[in-house]
Amino acid sequence: MTEVPPVALSTLTTLRAGGVPERMIEARTADELVAALREVWATGDPWFVLGGGSNLLVGDEPFPGTVVRILTRGIETLPAAREGFVRLRVQAGHDWDAFVGDTVERGLAGVEAMSGIPGTVGAAPVQNIGAYGQEIVQTLVEVELIDEATGEVSTVPAAELGLGFRTSVLKHHHGSVPERRAVILSVTVELAVIGDAPRRIHGDQLRTALGLQPGDAVTLTFVREQVRQIRRRKGMVLDDADPDTWSAGSFFQNAVVSASFARTLPAECPRWPVEPDFDPVVVVPLAGFDGSVPRLSTAESDVKVSAGWLIEQSGIRKGFKLPRSRAAVSTKHALALTNRGGATADEIAELARFIQGRVHAEFGLLLQPEPVLVGVDL
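Take the sequence shown: its position 198, counting from 1, is numbered 198 in UniProt numbering, and each next residue is one higher.
Structural data, given as structure tokens:
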């Protein structure tokens with residue numbers, strides 16, 4: 001590991017906001033990362049890790065602790081238990097989109113719809129990233145991580161990470177602490193080997209986004225290129241020349257609400273059902289069996305509703321900004337809050353609070369921020 005002169009976090013985050021930390025360490029190998037974290041944890045000082053800086057809003061005041069930059073890189077190919085699949089172990093600091101591009105070049109399917117998402121591979125399981133019907137949970141096998149409580153390195157199966165809609169046991173949600181305080185060192189995924197032959201797209205969400213009919217067959221390269229174009233049109237592909245991309249992507253999460261609450265929203269509000277949890281097995285003791293089978297739970301499944309639609313229908317249009325503020329809603333995407341040049345974290349937070357208030361007043365729903373907030377609150 002290398003201790004380096006601290007620089008303003010506004011230069012290392014895609015929202016371009018954040019003060020100078022007290023201390024900064026760079027880790028370029030997994031061993032350096034482990035050593036850096038153990039050393040920082042031993043001090044008891046405040047800390048956080050920084051990968052691509054694409055899902056982070058840092059306060060303007062100097063951070064009173066250590067920032068550990070994860071700069072590890074590398075992809076290792078491993079055998080898979082299933083025929084026609086391959087496993088890849090990827091270092092946490094590897095650029096996510098570069099990794100996706102590599103899988104497409106190899107003819108490996110499973111993450112191509114997540115092309116263009118900024119950030120690092122290690123951050124992907126933390127919030128179970130996803131796009132157009134694909135999520136990392138669908139291909140994730142395991143992660144190697146180090147726990148803050150013990151300083152021990154372990155390999156944890158995906159099933160133990162509590163992966164859900166943009167969440168995991170590792171996620172630092174707004175207003176709470178992670179269930180498990182740990183840092184991912186590497187990620188292992190299992191992908192299908194399909195080569196460059198065209199194939200049908202089975203997911204409705206991706207097929208609709210690409211303008212395909214159910215029988216259309218396309219290559220992985222086509223999917224990646226089209227998804228990147230869609231994201232670029234929305235200002236979701238980083239571009240130094242385009243302030244609409246100076247953001248943390250979607251600032252607010254699409255809300256998951258009860259079916260009954262969803263019925264209180266306007267019928268035009270886009271919504272998608274969330275898979276219900278059914279009782280997989282009902283055990284009836286033989287001694288007490290009277291010939292009848294207990295009725296299974298038939299509770300309605302939750303519903304995911306569009307935060308972007310709610311924002312626009314509350315009167316917040318694309319390009320909206322508060323008077324004299326240098327923060328604004330993207331001109332391309334209502335869910336993205338952007339830094340138009342020189343905006344402070346306080347200005348971005350002020351805009352976020354205003355949007356939350358408008359949506360809550362109009363629809364009775366408090367939108368939750370997606371980025372991790374450090375030294376700033378809503």
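Every residue, glycine too, gets a C-beta built ideally from N, C-alpha and C.
Query	Result
Residue 380 versus GLU61 - alpha carbon distance	Absent from the structure is residue 380, since the part of the chain shown begins at 1 and ends at 378.
Proximity of GLU190 and ARG106 at Cβ, strictly below 8 angstroms	no
Host alpha helix (DSSP H) of ARG353 (start-end)	345 to 363
Beta-ladder partner(s) of GLU190, from DSSP	ARG87
Beta-bridge pairing of PHE48 - partner residues as DSSP gives them	VAL67
CA-to-CA distance, PHE99 to LEU185, given in whole angstroms	16 angstroms
Cβ-based burial, GLY211 [other Cβ within 10 Å; buried from 16]	exposed
GLY19, buried or exposed, once every other Cβ within 10 Å from all chains shown has been counted against 16	buried
Backbone CA spacing between GLY74 and THR264 [nearest angstrom]	49 angstroms
Neighbourhood of ASP242 by C-beta distance below 6 angstroms, restricted to the same chain and skipping five residues each side	none
For ILE230, three-class secondary structure by DSSP	helix
As assigned by DSSP and simplified to three states, the class of GLN127	coil
Cβ pair ALA109, ALA192 closer than 8 angstroms	yes
N-terminal and C-terminal residue of the alpha helix (DSSP H) that LEU33 is part of	30 to 43
Beta-ladder partner(s) of GLU339, from DSSP	A quick correction: the sequence has Asn, not Glu, at residue 339. The partner list for ASN339 (beta bridge, DSSP) reads ALA327.
Complete alpha helix (DSSP H) runs within the region 90 to 158 (minimum length 4 residues, chain order)	96 to 106
Counted within 10 angstroms of its Cβ, other Cβ atoms place THR72 as buried (16 or more) or exposed	buried
CA nearest to the CA of ARG28, picked from VAL4, MET114, GLU22, THR11	VAL4
Beta-carbon proximity check, ILE316 vs ARG353, cutoff 8 angstroms	no
Simplified DSSP state of PHE278, which is helix, strand or coil	Residue confidence is low: PHE278 scores 45 on pLDDT, short of 50, so the model does not pin down where it sits. Its coordinate-derived value is still stated next. In this structure, PHE278 counts as coil in the three-state DSSP scheme.
PRO5 - DSSP class collapsed to helix/strand/coil	coil
Sequence-distant residues of the same chain with beta carbon closer than 6 angstroms to LYS332, five excluded per side	LYS234, GLY235, ASP244
Nearest candidate by alpha-carbon position, reference VAL374, set LEU220, LEU33, PHE48, GLU39	PHE48
contact_flag[the region 82 to 96, the region 108 to 128] where n(CB pairs < 8 angstroms) is 3 or more	yes
Beta-carbon spacing of VAL137, LEU163 below 8 angstroms	yes
Buried or exposed (CB count within 10 angstroms, at least 16 for buried), GLY203	exposed
Length of the line joining the Cα atoms of THR338 and ILE311	15 angstroms
Assigned exposure category for GLN213 - 16 Cβ within 10 Å defines buried	exposed
According to DSSP, residues forming a beta bridge with GLY164	THR167
Backbone CA spacing between TRP246 and TRP41 [nearest angstrom]	32 angstroms
CB contact flag (PHE252, ALA307, <8 angstroms)	yes
Within 8 angstroms, strictly: CB atoms of ALA158 and LEU170	no
Assigned exposure category for LEU367 - 16 Cβ within 10 Å defines buried	buried
Alpha-carbon to alpha-carbon, ALA209 and ALA149	43 angstroms
Backbone CA spacing between VAL237 and GLY249 [nearest angstrom]	9 angstroms
Helix, strand or coil at ILE311 according to DSSP, with G and I counted as helix	helix
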